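Data first, discussion second: the structure below is written as structure tokens.
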Amino acid sequence: MPYYRVVGEVPEKRHVQFRRPDGGLYQEELMGEEGFSSDSSLLYHRYAPTAIVKAEAVDQGGSGLSPNLPLSPRHFRTQDLRPDGDLVSGRMLLAGNSDVRISYAATSAPSELYRDSMGDECVYIASGRARFESAYGAMEVGEGDYVVVPTGAIHRWVPDGPVTALVIEASGHIRPPKRYLSQHGQFLEHAPYSERDLRAPAEPFLVDGEEVAVLVRTRGGLTRLTYAHHPFDVVGWDGCLYPYAFNIRDFEPIVKRTHAPPPVHQTFEGPGFVICSFCPRPLDFHPDAVPIPYNHHNVDSDEFMFYAGGDYTARKGSGIDVGSVSLHPAGFTHGPQPGAVEAVVEAVRQGLSTTSEMAVMLDTFRPLDLGPAALACEDPGYAWTWAVRA
1 MPYYRVVGEV
11 PEKRHVQFRR
21 PDGGLYQEEL
31 MGEEGFSSDS
41 SLLYHRYAPT
51 AIVKAEAVDQ
61 GGSGLSPNLP
71 LSPRHFRTQD
81 LRPDGDLVSG
91 RMLLAGNSDV
101 RISYAATSAP
111 SELYRDSMGD
121 ECVYIASGRA
131 RFESAYGAME
141 VGEGDYVVVP
151 TGAIHRWVPD
161 GPVTALVIEA
171 SGHIRPPKRY
181 LSQHGQFLEH
191 APYSERDLRA
201 PAEPFLVDGE
211 EVAVLVRTRG
221 GLTRLTYAHH
231 PFDVVGWDGC
241 LYPYAFNIRD
251 FEPIVKRTHA
261 PPPVHQTFEG
271 PGFVICSFCP
281 RPLDFHPDAV
291 PIPYNHHNVD
301 SDEFMFYAGG
311 DYTARKGSGI
321 DVGSVSLHPA
331 GFTHGPQPGA
341 VEAVVEAVRQ
351 GLSTTSEMAV
361 MLDTFRPLDL
371 GPAALACEDP
381 GYAWTWAVRA
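Structure follows, in structure tokens:
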């Protein structure tokens, strides 16, 4: 993260004696990226974070991915998927490649403790509310929140009723785009959000317990480790690496007189992909503007769009609705549905001045393969909707 935080109790200096009330020493844990050469945080545990008493392999089956063949634009209706499991075990795989896996989850069940040691996660809460609990503390999160979880952070999800979410699992780190930050990591004035828009745990979240299981994901698969003591025993931490939440409604859209391309909506970047937020905004205001996306062919990327809310003017007649996912792969030119350009130009003439659409988009720079959940909820007629006159 681009700024430093202190939560709970920490000693005056790093790596010095820090004693519990009974005189014993608190146990340090350095959570750091890129060896010792990038962002880190120093956590102070009541018990040794290294003490495990059992390790068991967990069968996770195969990758579940298949190529997008025959090459085709796709429409998946996540609203047709049945709730299952929790926000970890209930992830229904939609698409993925060697850089990122994208899943959908619908649940009201609390998850077990979980640590993703393959990369950062970004969980977009599409509906409902939950408490995110971690060794860093707890946060209340809800509809529209992106929750960015750094690699290796032990955490769990406790929904407050039904929750739906889009889960993005990276093979590395998810960060704000470099062009939004100064050389020292501060958000710049032209950035569409700032430090004030980010929420992070504000106080320790202490839980007692012995022999507590944690599900751990690594490149080799899943393991369930049993720790001698509950890992939520951190009395304080400081640093620049921690989980945080950012709500899509706090994204400040950048507008032009004519239609602006998706990079103006970029919110995060990850290894081999970017995440963009499409939010309600003023329509393009050149007198002859066509305030709708033009036909485009991204030769270097696949476009994965999750439709989170509002009215999708450009997609009328395609079957796209809230909860839909569209996948427009490299090798295919896509754009507005037939008749959409004429309709929005007329709507502007009648006084329409803003958009209401809200969506989360990933552009990936390697082809996305299809997951079993996507194939189970696919609209088979979507690819041919451009050939039908409105």
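For the sequence shown, full-length UniProt numbering begins at 1 and goes up steadily by one.
From the three backbone atoms N, C-alpha and C, an ideal C-beta is built for every residue, glycine too.
In this text the structure is predicted, and so the values were computed from the model without any measurement.
| Asked | Found |
| --- | --- |
| In three-state terms, what does DSSP make of HIS229? | strand |
| Using 10 angstroms around the beta-carbon of GLN337, count the other beta-carbons present and answer buried if the total reaches 16, otherwise exposed. | buried |
| Considering only residues of the same chain and omitting the five flanking positions on each side of ALA376, which have a CB-CB separation below 6 Å? | none |
| In terms of residue numbering, what span does the alpha helix (DSSP H) encompassing PRO372 cover? | 372–376 |
| Given that a residue counts as buried once 16 or more other Cβ atoms are within 10 Å of its Cβ, and exposed if not, what is PHE278? | buried |
| According to DSSP, GLU210 sits in a beta bridge with which residue or residues? | HIS229 |
| Which of the three DSSP states is assigned to ARG129 in this structure? | strand |
| Measuring alpha carbon to alpha carbon, tell me which residue in ILE102, ARG199 and GLY239 is nearest SER171. | ILE102 |
| What number of angstroms, rounded off, separates the C-alpha of TYR26 from the C-alpha of CYS240? | 21 Å |
| Three-state secondary structure (DSSP) at GLN266? | strand |
| What span of residues does the alpha helix (DSSP H) with VAL345 cover, start to end? | 340–349 |
| Does DSSP put ASP238 in a helix, in a strand, or in coil? | strand |
| Of the choices HIS334, GLU357, GLN350 and PRO293, whose alpha-carbon is the least far from that of GLY323? | GLU357 |
| Identify, in the order they occur along the chain, each residue of the same chain with its Cβ nearer than 8 Å to the Cβ of ARG257, setting aside the five sequence neighbours on each side. | ASP284, PHE285, HIS286 and ALA289 |
| Can the beta-carbon of GLU133 be found less than 8 Å from the beta-carbon of ALA213? | no |
| In three-state DSSP terms, what is ALA387? | helix |
| The beta strand (DSSP E) spanning GLY8 covers which residue range? | 5–8 |
| For GLU34, which residues in the same chain have their Cβ closer than 6 Å to its Cβ, ignoring the five residues on either side in sequence? | none |
| What does the alpha-carbon distance come out to for the pair TYR193 and ALA343? | 32 Å |
| Assign THR364 to one of three DSSP states: helix, strand, or coil. | strand |
| Are there three or more Cβ pairs, one per stretch, closer than 8 Å when the segment 234–249 is compared with the segment 5–15? | yes |
| For the candidate residues GLY351, VAL348, ARG349 and MET305, whose alpha-carbon lies nearest to that of GLY335? | MET305 |
| Quick check: the Cα distance between PRO204 and TYR136, rounded to an integer number of angstroms? | 6 Å |
| Against chain D, with Cβ distances strictly below 8 Å, would SER324 count as a contact? | As a matter of chain content, chain D is missing from the structure shown, which is built from one protein chain. |
| Provide the residue(s) that pair with HIS328 in DSSP beta bridges, ordered along the chain. | GLU303 |
| Check THR333 in the structure and name its three-state DSSP category. | coil |
| Do you know how far the Cα of GLY309 is from the Cα of GLY128? | 14 Å |
| Give the DSSP bridge partners of residue 401, in chain order. | Limits of the chain in this structure are 1 at one end and 390 at the other, which puts residue 401 out of reach. |
| Just the C-alpha distance for LEU370 and ALA95, rounded to the nearest angstrom, thanks. | 4 Å |
| I need the DSSP call for ASP86, collapsed to helix, strand or coil. | strand |
| Thinking just about the alpha-carbon of each residue, which of ALA191, PRO73 and MET31 is nearest to the one in THR385? | PRO73 |
| Just to confirm the assignment, what range does the beta strand (DSSP E) spanning ASP145 have? | 145–149 |
| Between which residues of its own chain and GLY144 is the CB-CB distance below 6 Å, once the five residues before and five after are set aside? | ASN247, ILE248 and ARG249 |
| Alpha carbon to alpha carbon, how far is LEU327 from LEU274? Give it in angstroms, no decimals. | Note that residue 274 corresponds to Val in the displayed sequence, not to Leu. Each residue's alpha carbon lies about 15 Å from the other. |
| Judging by CA-CA distance, which residue of VAL158, HIS296 and ALA153 is the nearest neighbour of THR329? | One detail in the question is off: residue 329 reads as Pro in this sequence, not Thr. Checked all of VAL158, HIS296 and ALA153; the closest Cα to PRO329 is HIS296. |
| Taking the CB atoms as reference points, tell me whether GLY272 and PHE365 lie closer together than 8 Å. | yes |
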